[in-house]
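What follows is a set of notes on a single structure, which appears directly below.
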Amino acid sequence: MEILRKLDSGENQMKLAGEYGVGRATIYDIKKNREKIENFANTADAGTSSRQTVKIGEYPVMEDALYTWFLQERARHTPLTGDIIRQKALTFYEKIYKNANFKVSDGWFQNFKSRYGIRLLTITGEKLSSDTSAVAPFVEKFKKKVDDLGLTPDQVYNADESGLFWRVLPNKTYVYRKESEAPGRKVSKDRVTIMPCANASGTHKLKLLFIGKAKNPRAFKNVNLPLVYKNQNKAWVTKELFVDWFHNDFVPAVRKFLKSKNLPPKAVLLLDNAPAHGPNDELSSRDGKIQTLFMPPNCTPLLQPMDQNVIQMIKCNYKKKLLLNAVIRDDDATKTLKDMNLKDAVFNVTEAWNMVPQKAIQSSWKKLWPSLNQNPEEEEEWESEDELPLAELKQMLFQKNQTELTEQDVEEWFAENSDSFPAMTDEEIINDAVSSSEQDDLEMTLLSPTSPSVKAEDGLKSIDVSIRWAEENNASNDILLNLRKLREMIIKKIYYGKKQ
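Heads up: the sequence shown begins at 0 in numbering that gives the first Met the number 0, then just goes up one per residue.
Take a look at the structure:
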């Protein structure tokens, strides 16, 4: 990874060969295998360490499932030991290979840890009882930090990641029954990770960090994404990804915002103590003016601002959009969900984040920074703009599906927001591992060149209709301007096409 970074900065291959004591052919091979090396670095839970090779174990599907489970439990801050991991390995082996011949030897276990960059086996965090005794001292430490640096609420940020199943409806609808009964079809629980970040005043909401599995999803072709997309083959946040986001996305965005407000170029990013966030010495701007502050273990549910309803609001808004799309079309909900792609999820979750009001973000800091809220005793509920009430969506869902789905089922589905990383079952993890083993072939298919499926002339007719509809239905000026900008873009495309 060091050599790749130095190659990118323009350093000579021969010079690097001498510096690292290897042949020039080795430097060439490293450059040639960039994708494989970067993929491993992004996958390794604890960083690349001193490892020099990338090897595959004898049972790759079982190890893939085990590693997915390990990351899931790590994200949920479940305490893990070597014995627990070994027992889970045996469980997965028996379920996948239908026998118990696997010996969880010390040699295999050490190699497994090395293959996946695992160094820490005992993990503490939110799953343990919350440490209320650490709250008051940290609140004082936080206040002192803010006062010492002379920071305003505009200069104090918080970020937190959360898992999102981006096309799953309540699990008792006919969507699930229909898919489970169809031969060779399984319920889709495609998971991504999202990470909102905003300052304490709510005046600066950064673009969402969105982590998917595919490096170049076909759905993203020729699309300007409204968020920051990164890939990792399990769609988890890793140290490499987070450090990259901090330096290349967070710091530039904060500097630009502070400059626009004529504020000093200094800020603090508040984080929980998740291992993927990396050591503090790697999470500081080069001039040291943009810093990070870590909360103590087991305090995240009590203090983390993004955990105080902000992430839940994003997921709630997203699920409302999912319900609306599932019930408004003539097709059944199963087909609607299957027709969804990652691009749809990206734009829907971006809208869901944009809909979170400024006051809701301010209120999320009340436990850590009480003076921000004028009336902290008042509990407010914020309605998202331009969104159908949940009660109406429920009614539409019941009428369309005509199933035994109850209001409680939908309520429980929305209540899943309380868990940042909804857990997958062993069977779902195994299905994910099996499908991942075919990912390379799938990626080649997805990345094959395709021609546009909609002609510019057809797009122009559709946008003209859309503009007329928007005008007749009193759409806002912003919407009308955006539609006309799109119309102009299509006209230019037609003009230059005819010119050629």
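All residues carry an ideal CB built from backbone N, CA and C; glycine is no exception.
So what's Cys298 in DSSP terms, helix, strand or just coil?
Within the sequence shown, the letter at position 299 stands for residue 298. In the structure shown, Cys298 adopts coil according to DSSP, grouped into three states.
Tell me the DSSP bridge mates of Lys229?
As a first step, residue 229 is located in the sequence shown; it is residue number 230 there, counting from the start. Looking at the DSSP assignment, Lys229 forms a beta bridge with Ile210.
Three-state class that DSSP yields for Thr192 in the structure shown
Start at 1 with the first residue of the sequence shown, and residue 192 comes out as number 193. Thr192 falls in the strand class under three-state DSSP.
Whose CA, out of Val253, Arg166, Ala273, Gln361, lies closest to the CA of Ala266?
As a working note, residue 266 is residue 267 in the sequence shown. When each option's Cα is compared against that of Ala266, the closest is Val253.
By DSSP's criteria, Val588 is part of a beta bridge. Which residues make up the other side?
Shown here, the chain extends from 0 to 499; a query on residue 588 therefore has no answer.
So, at 7 Å on beta carbons, what are the nonlocal neighbours of Asn38 in its own chain, with the 5 sequence-adjacent residues on each side left out?
In the sequence shown, counting from the first residue as 1, residue 38 sits at position 39. Once the five neighbours on either side are set aside, the close Cβ partners of Asn38 are Asn232.
Counting only the same chain and skipping the five closest in sequence on each side, list residues whose C-beta sits under 6 Å from that of Val242.
As a first step, residue 242 is located in the sequence shown; it is residue number 243 there, counting from the start. Result list for Val242: Gly277, Glu281, in chain order.
Can you tell me whether Leu445 is helix, strand or coil according to DSSP?
On the sequence shown, position 446 is the one that residue 445 refers to. The predicted model places Leu445 with a pLDDT of 37, which falls under 50 and marks its position as unreliable; any figure quoted below should be read in that light. Residue state, collapsed to three classes: helix.
The stretch 258-275 touching the stretch 287-296, judged by at least three CB pairs closer than 8 Å:
Short answer: they touch.
Inter-residue Cα distance where the pair is Lys206 and Thr299
On the sequence shown, position 207 is the one that residue 206 refers to. On the sequence shown, position 300 is the one that residue 299 refers to. Cα-Cα distance, rounded: 22 Å.
Backbone secondary structure at Ala199 - three-state DSSP:
To locate residue 199, count along the sequence shown from 1; it is residue 200. Three-state DSSP puts Ala199 in coil, outside helix and strand.
Can you give me the C-alpha to C-alpha distance between Met0 and Leu485, rounded to a whole angstrom?
Within the sequence shown, numbered from 1, the residue matching residue 0 stands at position 1. Within the sequence shown, numbered from 1, the residue matching residue 485 stands at position 486. A straight-line Cα-Cα distance of about 41 Å links Met0 and Leu485.
Closer than 7 Å by C-beta to Thr121: which residues in its own chain qualify, once you throw out the five before and the five after it? Chain order, please.
Taking the sequence shown and counting its residues from 1, the one referred to as residue 121 is at position 122. A caution first: Thr121 carries a pLDDT of 46, below 50, which makes its placement in the model unreliable, though a value can still be read off. Counting only Cβ-Cβ distances below 7 Å, and skipping sequence neighbours, we find Pro78, Leu79, Thr80.
Which residue's Cα is closest to the Cα of Gln109: Gly56, Lys94, Lys342, Cys196?
Within the sequence shown, the letter at position 110 stands for residue 109. Taking only the C-alpha atoms, the option nearest Gln109 is Gly56.
Helix, strand or coil at Ala273 according to DSSP, with G and I counted as helix:
By one-based count along the sequence shown, residue 273 stands at place 274. DSSP, reduced to helix, strand and coil, places Ala273 outside both helices and strands of the structure shown, so it counts as coil.
Inter-residue Cα distance where the pair is Glu178 and Thr424
Residue numbering aside, residue 178 sits at position 179 when the sequence shown is read from its first letter. Residue numbering aside, residue 424 sits at position 425 when the sequence shown is read from its first letter. Annotation note: pLDDT 45 at Glu178 (below 50); position unreliable, coordinate value reported separately. When rounded, the distance between both Cα atoms is 17 Å.
Spell out the partners DSSP gives Val167 in its beta bridges.
Counted from its first residue, the sequence shown places residue 167 at position 168. For Val167, DSSP records no beta bridge to any residue.
Buried or exposed (CB count within 10 angstroms, at least 16 for buried), Lys143
As a working note, residue 143 is residue 144 in the sequence shown. Result: exposed.
Please state whether the Cβ-Cβ distance between Pro169 and Val21 is less than 9 Å.
Within the sequence shown, residue 169 is the residue found at index 170, counting from 1. Within the sequence shown, residue 21 is the residue found at index 22, counting from 1. No, they are not a contact pair.
Thinking Glu160 and Ile193 are a contact (beta carbons under 8 Å), I'd like their distance in whole angstroms, please.
Working through the sequence shown from its first residue, we reach residue 160 at position 161. Working through the sequence shown from its first residue, we reach residue 193 at position 194. Confirmed, about 7 Å.
For Gly106 and Ile313, what's the separation of their Cα atoms in angstroms?
Walking along the sequence shown from the start, residue 106 turns up at place 107. Walking along the sequence shown from the start, residue 313 turns up at place 314. One C-alpha to the other measures close to 45 Å.
According to DSSP, simplified to helix, strand and coil, what is Gln357?
Sequence index remark: in the sequence shown, residue 357 carries index 358 (1-based). Correct three-state label for Gln357: helix.
Taking 9 Å as the cut-off, decide whether the C-beta atoms of Lys365 and Gln311 are in contact.
Sequence index remark: in the sequence shown, residue 365 carries index 366 (1-based). Sequence index remark: in the sequence shown, residue 311 carries index 312 (1-based). Not a contact, by the Cβ cut-off of 9 Å.
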